[in-house]
Amino acid sequence: MRIRVTRSGGFAGFPVTAELETTGRPDAAELERLATAVLAQAGPGPAAGVPDGYRYSVTVDDRTVEFADPKITEEQEELVERVLRDGA
């Protein structure tokens, strides 16, 4: 499973993007569980954010969902943090 995360907004407004492939990773099952949960939590459109808050775009294979601070779930937060930390 290929997971791509883009975080934009915030005070500086600089976008940050990272991508990782779960195949062969020791934590693949957990990443795939988080990705599936994030896709399932998607609303009908982009969530309304707050000024200087982060906006997120997560693409799992060929499906993209968007969400924004301050209304992100634990699964969304964990997936974003892990992909931005471990991805390229």
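Each position in the sequence shown, counted from 1, maps to that position plus 194 in this note's numbering.
Every residue gets a Cβ at the ideal spot worked out from N, C-alpha and C, and that includes glycine.
On a predicted model such as this, the values are computed, not experimentally measured, just so you know.
Item to check | Option in Asp280, Ala231, Asp221, Arg276 with minimal Cα separation from Val286 | outcome: What is shown of the chain runs 195 to 282, which leaves residue 286 out entirely.
Checklist entry - Just checking, does the segment 200 to 213 make contact with the segment 241 to 261 on the three C-beta pairs under 8 Å criterion? => result As far as the Cβ criterion goes, the segment 200 to 213 touches the segment 241 to 261, which means the pair count is three or higher.
Checklist entry - Which two residues bound the contiguous alpha helix (DSSP H) that contains Thr230? => result In the sequence shown, counting from the first residue as 1, residue 230 sits at position 36. Segment 222 to 234, the alpha helix (DSSP H) holding Thr230.
Checklist entry - According to DSSP, which residues form a beta bridge with Arg249? => result Residue numbering aside, residue 249 sits at position 55 when the sequence shown is read from its first letter. As DSSP reads the structure, Arg249 sits in a beta bridge with Ser202, Ala262.
Checklist entry - In three-state DSSP terms, what is Val244? => result If you number the sequence shown from 1, residue 244 lands on position 50. Coil.
Item to check | Close beta carbons around Thr267, own chain, < 7 Å, minus the five adjacent residues each side | outcome: Along the sequence shown, read from residue 1 onward, the residue named residue 267 stands at position 73. Excluding residues within five positions, the ones whose Cβ falls inside 7 Å are Gln235.
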